[in-house]
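Numbering (the working numbering), first residue to last: 8 to 235.
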């Protein structure tokens, strides 16, 4: 079968796959959440994983070797308790509004010790912070259309601290953090802004957690949450 086109921004699937496959073993049972056309499901299947897929629009799923279940991420998932070793959600979490429900259901369907991988735009990069300063919108976010409720808009911009807060509340460990690549704009901005970051972090006593190098420079965040 031909390679299925990915919906995510160019390069995301390739870099996410490299990150994921460096940490996981084929034969594990994986749920691909927000599977889109099925590009990542196809990749996982070819690597030897047991794959199930789900999406708000399963009719768009093109990989015929597995089925794609309908799912509304604001409701209970159509899967039994503790039925997966792993779950992945590539460019999904920024599209949903109830992350408490989302993480609750992920926790329910994962086995003990299971891992949940997500990719999401990094709103903490220096490029994103400058964009927010001058426009009021983070990187990869724009003005919402209030008449659209199709699940396709970027409606939720969470920081790493907020993701960890929700995850820990649902019996996950804090995220292991990686990025897809460094943004050239953020690299240049760091040269000029590092003194200000130090000054204001000390002045406001916020610490350095959100100013670690990967967060300042990364385009996308790759987060892995391990269930207790």
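Quick reminder that beta carbons are idealized off the backbone N, C-alpha and C, glycines included.
Check, Outcome
"Considering residue 78, what are the terminal residues of the beta strand (DSSP E) in which it resides?", "Where residue 78 is concerned, there is no enclosing beta strand (DSSP E), given that its DSSP letter is neither H nor E."
"Applying the 10 Å Cβ sphere with the 16-neighbour rule, what's the burial state of residue 234?", "buried"
"Going by Cα to Cα distance, which pick from 129, 26, 92, 139 is closest to residue 119?", "92"
"When you compare only the Cα positions, how much space is there between residue 138 and residue 146?", "7 angstroms"
"Residue 53 to residue 41, Cα distance in whole Å?", "19 angstroms"
"Alpha carbon to alpha carbon, how far is residue 132 from residue 221?", "8 angstroms"
"I'd like the span of the beta strand (DSSP E) that includes residue 229, first residue to last.", "227-233"
"Can you have a look at residue 155 and say buried or exposed, based on whether 16 or more other CB atoms are within 10 angstroms of its CB?", "exposed"
"Who are the Cβ neighbours of residue 141 in its own chain at under 7 angstroms, not counting the five residues just before and after it?", "none"
"Identify which residue in 101, 194, 80 has its Cα closest to the Cα of residue 15.", "101"
"Alpha carbons only, please: which of 48, 173, 223, 35 is nearest the one belonging to residue 13?", "48"
"Label residue 107 either buried or exposed according to how many other C-beta atoms from any shown protein chain fall within 10 Å of its C-beta, with 16 as the threshold for buried.", "exposed"
"Measure the CB-CB distance between residue 78 and residue 99 and report whether it falls below 8 angstroms.", "no"
"Name the DSSP beta bridge partners of residue 117, please?", "91"
"Under the three-state reduction of DSSP, which class applies to residue 209: helix, strand or coil?", "helix"
"Return helix, strand or coil for residue 188, following the three-state DSSP convention.", "coil"
"Given residue 111, which residues of its chain have a CB within under 6 angstroms of its CB, disregarding the five upstream and five downstream residues?", "177"
"Is the Cβ-Cβ distance between residue 203 and residue 218 less than 8 angstroms?", "no"
"Determine the direct distance from the alpha carbon of residue 163 to that of residue 151, and round the result to whole angstroms.", "11 angstroms"
"From residue 75 to residue 65, what does the alpha carbon distance come to, in whole angstroms?", "6 angstroms"
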